[in-house]
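Trainee: Residue numbers (this note's numbering): 22 to 114.
Input: one structure, supplied below.
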């Protein structure tokens, strides 16, 4: 659930291209590399690294400006909350 909420939040903050890139990275992180998606500190580190790469690449390709990059601490605060939980539950029904 945490990773789904995070991808959705990133989509709202940075747009579809960045959220889809993060989704792809998290699939590799979980299914290929074998990491647990409920390890919030590691999930936050991977997310920050990937978001930074994706935003940097997107900014180089266009004149688009993105919001300030999220920090590990900000992502952990988000993951420790419940923002987006009801939206994910509604989508599953």
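A virtual CB, placed ideally from N, CA and C, is assigned to each residue, including glycine.
All values derive from a computational prediction rather than experimental measurement.
Mind checking whether residue 109 and residue 29 have CB atoms under 8 angstroms apart?
Mentor: On the chain shown, residue 109 is found 88 positions in, with the first residue counted as 1. On the chain shown, residue 29 is found 8 positions in, with the first residue counted as 1. In this structure, residue 29 lies closer than 8 angstroms to residue 109 by Cβ.
Trainee: Span of the alpha helix (DSSP H) holding residue 41?
Mentor: In the chain shown, residue 41 corresponds to position 20, counting from 1. That run of the alpha helix (DSSP H) goes 37-48.
Trainee: Where does residue 155 sit, in a helix, a strand or coil, going by DSSP?
Mentor: One cannot answer for residue 155 here, as it falls past the ends of the chain, which runs 22 to 114.
Trainee: Going by the beta-carbon positions, is the gap between residue 99 and residue 27 smaller than 8 angstroms?
Mentor: Numbered from its first residue, the chain shown carries residue 99 at position 78. Numbered from its first residue, the chain shown carries residue 27 at position 6. Yes. Within cutoff.
Trainee: Once you ignore the five residues that flank residue 52 on each side, which residues in its own chain have a CB closer than 7 angstroms to its CB?
Mentor: For this step, residue 52 is matched to residue 31 along the chain shown. Nothing listed; no residue qualifies.
Trainee: Considering only residues of the same chain and omitting the five flanking positions on each side of residue 39, which have a CB-CB separation below 8 angstroms?
Mentor: Your numbering for residue 39 matches position 18 in the chain shown. The residues are 31, 32, 72, 75, 76, 79, 87.
Trainee: Hey, out of 89, 68, 23, 94, whose CA is closest to residue 59's CA?
Mentor: Position 38 of the chain shown, counted from the first residue, corresponds to residue 59. The shortest Cα separation from residue 59 among 89, 68, 23, 94 belongs to 23.
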